[in-house]
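Working notes, structure below.
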Amino acid sequence: MNAEVATVLVVDDEPQIVRALRINLNARGYRVITAHDGTAALKAVAETKPDVVVLDLGLPDLDGTEVIEGLRGWTTVPIIVLSARGDSADKVRALDAGADDYVTKPFGMDELLARLRAAVRRSAVAGPDDAEAFVDTGSFTVDLAAKRVRRDGREVHLTRTEWGVLEMLVRNRGRLVAQKQLLHGVWGPSYETESHYLRVYLAQLRRKLEPEPSRPRHLLTEPGMGYRFEL
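Be aware that the sequence shown starts at 1, since it is given in full-length UniProt numbering, and climbs by one per residue.
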């Protein structure tokens, strides 16, 4: 991958910003696609698989941090936040959600382009992102970008914690996720010994998603080690 063929998704609802970025990026050989709100951005990433996302936080439908979290549920695409929010708390929230870089408006085009080139280089070194936004087990479907689960054509309501457990397992599908790793990722480092939490939440997920909860096909237990998600 290189700058001459890299695709950049620009997510911003300010036409002047979008126009300026399109002109400057096209002039430097980038392919530019655009989205004007968070919902369109999530769809565009899933459909077009850009090399870098340039994302405004102040979108009309979703906050930019929600878009970041939705993307990080299934992809490692570099995300550069381009926002008028200059407060350090906003920067911390965006970076904690999974953004790779943060540029404050008004911005210098040369600086943004330098950061964009760096993001493209990092992405090339990391290799292609082969994760899928949409996972179909045959029994239920998981939309990692939209954070939704459907079974028999109907949406399944999951609590925030249930989703956290399912998301982590689906993102690591086919691989063993250790109990300690799962507890740390969903509840935090102070819960790494609370293995009974996992038994409770896996039982709840199986009741909601598995065709036969007592004989799970997708949410599997590896006794004494952890859990595994299988298609």
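Heads up, the beta-carbon is just placed ideally off N, CA and C, and yes, glycines get one too.
All values derive from a computational prediction rather than experimental measurement.
Beta-carbon of residue i versus every beta-carbon of chain B: anything under 8 Å?
i, result
"GLY86", "Among the chains of the structure shown, chain B does not appear; only one protein chain is present."
Could you tell me how far apart the beta carbons of residue i and residue j are, in whole angstroms, since I believe they sit closer than 8 Å?
i, j, result
"ASP37", "ASP13", "6 Å"
"SER83", "ASP110", "At roughly 19 Å, the Cβ-Cβ gap does not stay under 8 Å, so SER83 and ASP110 are not in contact."
"ALA119", "ASP101", "7 Å"
"VAL45", "GLY64", "Not confirmed; about 13 Å, so no contact."
"LEU25", "VAL18", "Going by Cβ atoms, the distance from LEU25 to VAL18 rounds to 11 Å, so no, they are not a contact pair."
"ARG22", "PRO78", "So it is not a contact: roughly 19 Å between Cβ atoms."
Between residue i and residue j, what straight-line distance do the alpha-carbon atoms span, to the nearest angstrom?
i, j, result
"VAL149", "GLN204", "14 Å"
"GLU212", "PHE229", "15 Å"
"TYR201", "ARG72", "22 Å"
"ARG206", "GLY153", "17 Å"
"VAL177", "SER139", "21 Å"
"THR221", "LYS147", "23 Å"
"VAL11", "ALA35", "5 Å"
"THR159", "THR104", "34 Å"
"GLY174", "VAL165", "15 Å"
Around the Cβ of residue i, are there at least 16 other Cβ atoms within 10 angstroms (buried) or fewer (exposed)?
i, result
"VAL5", "exposed"
"ARG28", "exposed"
"GLU162", "buried"
"ASP130", "With a pLDDT of 48 at ASP130, under the threshold of 50, the modelled position of that residue is not reliable, and no figure is offered here."
"PRO189", "exposed"
"PRO216", "buried"
"LEU90", "What sits at residue 90 in the sequence shown is Asp, not Leu. Buried, since its Cβ has 16 or more Cβ neighbours within 10 Å."
"VAL92", "exposed"
What would DSSP say about residue i, mapped onto helix, strand or coil?
i, result
"SER190", "helix"
"GLU222", "strand"
"TYR30", "coil"
"LEU176", "coil"
"VAL5", "coil"
"GLU212", "coil"
"ARG217", "coil"
"VAL156", "coil"
"ASP130", "Interpretation of ASP130 is limited by its pLDDT of 48, a score under 50 that renders its predicted location unreliable; the figure taken from the coordinates is listed afterwards. DSSP places ASP130 in coil when its eight states are reduced to three."
"ALA203", "helix"
* Quick one: which unbroken beta strand (DSSP E) runs of 3-plus residues sit fully inside the stretch 77-117? Chain order, please. => Counting only runs of at least 3 residues, the stretch 77-117 fully encloses the following beta strand (DSSP E) elements, listed from N- to C-terminal order: 79-83 and 101-104.
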